[in-house]
Amino acid sequence: MVMTQHAARATQTWQPHKYLKFQRQRLRPALELLARVSELPSSDDSVEIIDLGAGTGNMAPSFLKRWPNAHVTFVDSSASMLDVAQREHKENEALDSQRFAYVQADFETYKPTQPVDLIFSNAALQWVNAAKHEQILPRLYSFLKPGCAGWVRIFTTQFSDGNHATS
Numbered sequence: 002m003v004m005t006q007h008a009a010r011a012t013q014t015w016q017p018h019k020y021l022k023f024q025r026q027r028l029r030p031a032l033e034l035l036a037r038v039s040e041l042p043s044s045d046d047s048v049e050i051i052d053l054g055a056g057t058g059n060m061a062p063s064f065l066k067r068w069p070n071a072h073v074t075f076v077d078s079s080a081s082m083l084d085v086a087q088r089e090h091k092e093n094e095a096l097d098s099q100r101f102a103y104v105q106a107d108f109e110t111y112k113p114t115q116p117v118d119l120i121f122s123n124a125a126l127q128w129v130n131a132a133k134h135e136q137i138l139p140r141l142y143s144f145l146k147p148g149c150a151g152w153v154r155i156f157t158t159q160f161s162d163g164n165h166a167t168s
């Protein structure tokens, strides 16, 4: 079931079937970003991950390959993208979809129910007005457990390499 956190702003409409046409091309930079993530301080049994702007949840296998017992919350503003994610995760016998939660929300209003080990976001925050990044990023990082990290890639010329890491 997709949970909804109500937002004050309108959300962009995404079409999963068009989005998935370029799944491999979209996944490559996300995998590169994940490869940069260092070990997390929590034991593998208690790792909590938020995938912000998760789209169709393509990172699920990679998260569980790295942290087999992790709990992952997929957050996206598009209900249709999350519906596809949830359906594909349930159909994939290699994934324990009981470890997944799906939340329809935007970056400005989303708040996890508990502190997390990793905030991961690849190619999603550029859809948010750049002027809001200074408020959104510290707010998101405040959801982290002590010593944990947020990994965000924003495709823009504003930053030198498009990657930010904070712990």
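To convert, count from 1 in the sequence shown and add 1; that's our numbering.
Each residue gets a CB set at the ideal place from its N, CA and C atoms; glycine is no exception.
- Inter-segment contact for the stretch 92-102 and the stretch 69-83 is present: three or more beta-carbon pairs are separated by less than 8 Å.
- Using a Cβ distance threshold of 9 Å, Phe108 and Gly54 count as a contacting pair.
- Using a Cβ distance threshold of 9 Å, Glu49 and Pro116 count as a contacting pair.
- Of the other Cβ atoms in all chains shown, 16 or more fall within 10 Å of the Cβ of Leu119; this residue is therefore buried.
- Looking at Arg29, Arg67, Lys133, Gln87, the one whose alpha-carbon comes closest to that of Glu40 is Arg67.
- The residue among Met60, Glu92, Leu65, Ser81 with its C-alpha nearest the C-alpha of Ala106 is Ser81.
- In this structure, Ala124 and Pro30 form a Cβ contact; the two beta carbons are roughly 6 Å apart against a cut-off of 8 Å.
- By the 16-neighbour rule on beta-carbons within 10 angstroms, Ala61 is buried.
- The alpha-carbon of Ala150 is positioned some 17 Å away from that of Thr114.
- A Cβ-Cβ contact shorter than 9 Å links Thr57 with Glu89.
- Under the three-state reduction of DSSP, Tyr111 is assigned to coil, being neither helix nor strand.
- Residue pairing by DSSP puts Thr74 in a beta bridge opposite Ile51, Ala102.
- In this structure Leu32 is exposed. Its beta-carbon is surrounded by fewer than 16 other beta-carbon atoms within 10 angstroms.
- By the CB criterion at 9 Å, Leu65 and Phe121 fall outside the cutoff.
- Nearest C-alpha to Asp84 among Leu141, Tyr111, Asn59: Asn59.
- For Met82, the enclosing alpha helix (DSSP H) begins and ends at 80-92.
- Collapsing the DSSP output to three states places Leu145 in a strand.
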